[in-house]
Amino acid sequence: MKNAKELLEEFTAASFRDPKKAAEMFSEDGAFEMPYLESVGVPGRYEGREAIERFFRFVREVYPDMDLENVKIMIDTPEQVFAEYEFTAQSSKTGRTIHELFFGRLVAENGKIKLLRESVNLVGVALGVFPNGLADYKARSEHKA
Numbered sequence: 002m003k004n005a006k007e008l009l010e011e012f013t014a015a016s017f018r019d020p021k022k023a024a025e026m027f028s029e030d031g032a033f034e035m036p037y038l039e040s041v042g043v044p045g046r047y048e049g050r051e052a053i054e055r056f057f058r059f060v061r062e063v064y065p066d067m068d069l070e071n072v073k074i075m076i077d078t079p080e081q082v083f084a085e086y087e088f089t090a091q092s093s094k095t096g097r098t099i100h101e102l103f104f105g106r107l108v109a110e111n112g113k114i115k116l117l118r119e120s121v122n123l124v125g126v127a128l129g130v131f132p133n134g135l136a137d138y139k140a141r142s143e144h145k146a
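If you read the sequence shown in the numbering used here, its first letter stands for residue 2, the second for the next number, and so on.
Shown next, in the form of structure tokens:
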């Protein structure tokens with residue numbers, strides 16, 4: 002049975018080039034979270050393999066040549082791992098080359114990913130998704146002054 006570090010290393014090495022296979026690394030009730038994506042209008046939690054696979058397909062469509070690399074394990078226990086990793090890739094939506102640095106916490110259960118919670122630079126997300134970058138950002142009404 003794979004531990005948390007082994008799961009993270011496999012996940013980042015594959016860079017979810019095959020979204021279905023990557024989603025199958027999660028337990029049936031597993032979840033993928035990027036909570037700060039909600040700030041730019043993208044849901045921050047995907048629960049279950051089908052939802053996770055759809056999100057991974059979306060990311061691969063935006064960054065078809067994305068490869069996660071330079072994985073630095075910061076905390077490692079059999080059940081949990083915390084690491085930094087990054088990618089540089091061109092966005093299919095804007096044509097911009099984007100560099101993203103992530104940090105992620107993976108929780109393993111019975112050799113599967115129970116939870117992968119990541120954080121990413123939202124400026125990079127905006128530059129990769131919005132044609133005019135941050136100029137296209139619209140604050141949600143509850144966040145307006």
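Where is the CB? At the ideal position from N, CA and C, for every residue including glycine.
Fair warning: this is a prediction, and the values are worked out from it, not measured in the lab.
Contact check, residue i vs residue j, beta carbons under 8 Å
i, j, result
"F88", "E101", "yes"
"V121", "S92", "no"
"L69", "V126", "no"
Identity of the residue in the options nearest residue i by Cα
i, options, result
"P36", "S92, G134, G105, F131", "G105"
"E119", "F103, D137, G125", "F103"
"T98", "I76, N111, P65, E85", "P65"
"E48", "R61, K139, A32, K113", "A32"
"G112", "F59, A90, P79", "P79"
Residue i, buried or exposed, once every other Cβ within 10 Å from all chains shown has been counted against 16
i, result
"M67", "buried"
"G42", "exposed"
"A24", "buried"
"I114", "buried"
Presumed contact (8 Å Cβ cut-off) between residue i and residue j, rounded CB distance
i, j, result
"T95", "L116", "Actually they are not in contact, since the Cβ atoms of T95 and L116 sit about 30 Å apart, beyond 8 Å."
Residue-chain proximity (residue i, chain D), Cβ-Cβ < 8 Å
i, result
"D68", "In the structure shown, chain D cannot be found, because there is only a single protein chain."
How do the stretch 105-116 and the stretch 5-19 stand: do at least 3 beta-carbon pairs fall below 8 Å, yes or no? The stretch 105-116 is in contact with the stretch 5-19.
For the structure I just gave you, are there three or more beta carbon pairs, one from the stretch 13-22 and one from the stretch 52-61, closer than 8 Å? By the Cβ rule, the stretch 13-22 counts as touching the stretch 52-61, because three or more pairs are nearer than 8 Å.
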